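Anchor point for the sequence shown: position 263 equals 263 in UniProt numbering, and the numbering is continuous, going up by one each time.
Where is the CB? At the ideal position from N, CA and C, for every residue including glycine.
As the structure is a prediction and not an experimental result, all values here were calculated from the model.
Notes for the one structure printed next.
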Amino acid sequence: MVKSGVKNLPPLLNIGELIRNRYKVEAMIGGGGFGQIFIAQDKERNEKVAIKIQPKDSDTRRMVLEHGVLLKLMGKPHIPKIRCSGSIRNCSYIAMDLLGRNLSELRRKQRARKFSAGTVYRIAPQIVTGLRHMHEIGYLHRDGMTRQFRTEEGFRKARDYAGFRGTIRYASPRVHARQETGPSDDLISLLYSLIELSEGVLPWTHIRETSQIGDLKLKMPLSALCERQPLELMKYANYIMDLPIDKMPDYELINATFRNCLPGGCDDMPFDWEARQEMKTCRPRSQEPIQEKENNSVGFEARFEPTQRDLSH
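So this is what it looks like as C-alpha cells:
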C-alpha cells in the first residue's frame with residue numbers, strides 16, 4: 001500500500017468534469033497527504049458541494065473511517081451530509097456538504113487576530129453538540145482524527161503507550177503521556193482552542209518541543225490559563241480535567257456554562273467575521289480588556305460552520 005506522495009499528485013479530477021452526471025467540478029480547493037478536495041456544483045439542487053478524492057492505492061483508511069462516521073451521524077446538527085460516494089479512475093471519492101471557512105482562518109483575518117467573547121461562547125455550544133454526537137456513537141474527534149473509543153461491551157479499557165494522535169498544541173495532558181483517552185480529552189482540547197480563539201495565542205504557542213509543551217500544560221494552574229476568560233470558564237475547566245476517561249460528560253451542563261460566559265446583549269449580534277463595519281465588541285463584566293499579542297499560530301483546524309440561532313442543543 002502506498003502511503004506517501006498523494007499530496008504531490010496532479011489534480012485527480014478535471015475542471016468541468018461531471019460526477020454521476022450531476023456534480024460539475026469547478027476547482028480544487030485543498031490537498032494533502034490524505035487526498036484532494038474539490039468544489040463542485042450540484043446541477044439538480046443548484047448549490048455547491050465538496051468532493052474528497054483519494055487514489056485507491058494510497059492509505060484510504062482515514063477516508064473509509066470518515067465515511068462510516070458521517071453515515072452514522074446523518075441528520076445530526078453541525079454534521080456535514082454525505083451526498084454520494086463511489087469510485088472513478090481507480091480513485092475513491094465522497095461528495096458532501098460544502099462548509100464555510102475554518103475558524104482558524106476567520107480568526108486570523110480579524111484585526112486583532114482573535115474573536116470577541118460574544119462570538120467565542122456562541123460557537124462553543126455548537127462545537128460541543130457536534131462532539132456529543134460523535135461521542136454517543138463511540139468516536140473521539142482527536143482534532144480531526146476520529147477513532148473508536150468504545151466497544152460493544154462499553155468503554156475501551158485504558159492501555160499504556162498509546163500512539164500520539166491529534167495536534168500537539170491542543171492535545172490533552174493524557175495524550176502527551178501516551179495514555180488512553182476518552183471524551184473528556186476532546187473537551188480539554190476544546191478548552192485550549194477556545195482560549196486561543198479569544199486571546200490569539202496559547203501560553204505554549206511558540207514552544208516547539210513537544211515535551212516542553214506537555215510539561216507546561218501540567219504545571220500551569222488552570223486559574224492562570226483562564227485568567228483572561230469569563231469566570232464561568234473555570235467551572236468548565238475544572239469539570240473536564242477531573243472527568244475520568246470512562247465517563248460521558250454532562251453536555252447540557254457544559255453548554256449552560258458556556259451560555260453563562262456570554263456578555264449581555266450578544267445573542268442577536270453578528271459573529272465577528274460577519275460584521276461589515278467597526279463595532280463595539282461586547283465582553284463579560286468579569287473579563288478585563290485583553291492586550292493584543294502577536295500570533296503565528298494555526299488555530300482551530302477542524303472545519304465547522306456555525307449557525308447563529310441554533311444554540312439551544
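CB contact flag (residue i, residue j, <9 Å)
i: residue 202; j: residue 233; result: no
i: residue 84; j: residue 178; result: no
i: residue 169; j: residue 192; result: yes
i: residue 124; j: residue 222; result: no
i: residue 218; j: residue 207; result: no
i: residue 9; j: residue 36; result: yes
i: residue 239; j: residue 249; result: yes
Between the CA atoms of residue j and residue i - distance to the nearest angstrom
i: residue 78; j: residue 254; result: 17 Å
i: residue 120; j: residue 198; result: 6 Å
i: residue 107; j: residue 200; result: 8 Å
i: residue 67; j: residue 127; result: 20 Å
i: residue 116; j: residue 272; result: 7 Å
i: residue 56; j: residue 224; result: 48 Å
i: residue 99; j: residue 47; result: 12 Å
i: residue 40; j: residue 112; result: 34 Å
i: residue 130; j: residue 70; result: 11 Å
i: residue 59; j: residue 209; result: 28 Å
i: residue 101; j: residue 241; result: 30 Å
i: residue 256; j: residue 268; result: 18 Å
i: residue 186; j: residue 93; result: 28 Å
i: residue 252; j: residue 90; result: 45 Å
i: residue 259; j: residue 236; result: 12 Å
i: residue 196; j: residue 114; result: 8 Å
i: residue 167; j: residue 227; result: 24 Å
Anticipated Cβ contact below 8 Å, residue i with residue j, distance rounded
i: residue 27; j: residue 38; result: 7 Å
i: residue 96; j: residue 81; result: 6 Å
i: residue 211; j: residue 188; result: Wrong, their Cβ atoms sit about 18 Å apart, outside the cutoff.
i: residue 72; j: residue 43; result: The pair is not a contact, with the Cβ atoms about 28 Å apart (cut-off 8 Å).
i: residue 266; j: residue 75; result: About 29 Å; that fails the 8 Å criterion.
i: residue 262; j: residue 61; result: Contact doesn't hold; Cβ gap of about 40 Å is too wide.
Any non-hydrogen atom of the ligand ATP within 8 Å of residue i CB
i: residue 94; result: By its list of ligands, the structure shown contains no ligand whatsoever, and the ligand ATP lies outside what it can speak to.
Legend entry - Cβ contact (3+ pairs, closer than 8 Å) linking the stretch 8-15 and the stretch 42-60: yes
Legend entry - Touch test, the stretch 167-182 against the stretch 234-254, Cβ-Cβ under 8 Å, three pairs minimum: yes
Legend entry - Sufficient close CB pairs (3 or more, under 8 Å) joining the stretch 84-101 to the stretch 128-143: The stretch 84-101, when compared against the stretch 128-143, does not touch it at the 8 Å Cβ threshold.
Inset, instruction - May I have a chain-ordered list of the beta strand (DSSP E) segments no shorter than 3 residues that lie completely inside the stretch 10-46? - result: Those beta strand (DSSP E) runs which fall completely within the stretch 10-46 and span 3+ residues are 23-32 and 35-42.
Legend entry - Segments of 4+ residues assigned as alpha helix (DSSP H) that fall wholly inside the stretch 57-92: 61-72
Inset, instruction - Please specify which runs of the alpha helix (DSSP H), each continuous and at least 4 residues long, are wholly inside the stretch 232-275, giving them in chain order. - result: 232-242 and 251-260
Legend entry - Uninterrupted alpha helix (DSSP H) stretches inside the stretch 83-140 (no shorter than 4 residues): Counting whole runs of 4 or more residues, the stretch 83-140 contains the alpha helix (DSSP H) stretches 103-108 and 117-136.
Inset, instruction - Taking only runs that begin and end inside the stretch 155-229, name each unbroken alpha helix (DSSP H) of 4 or more residues, in chain order. - result: 173-176, 183-199, 210-219 and 222-225
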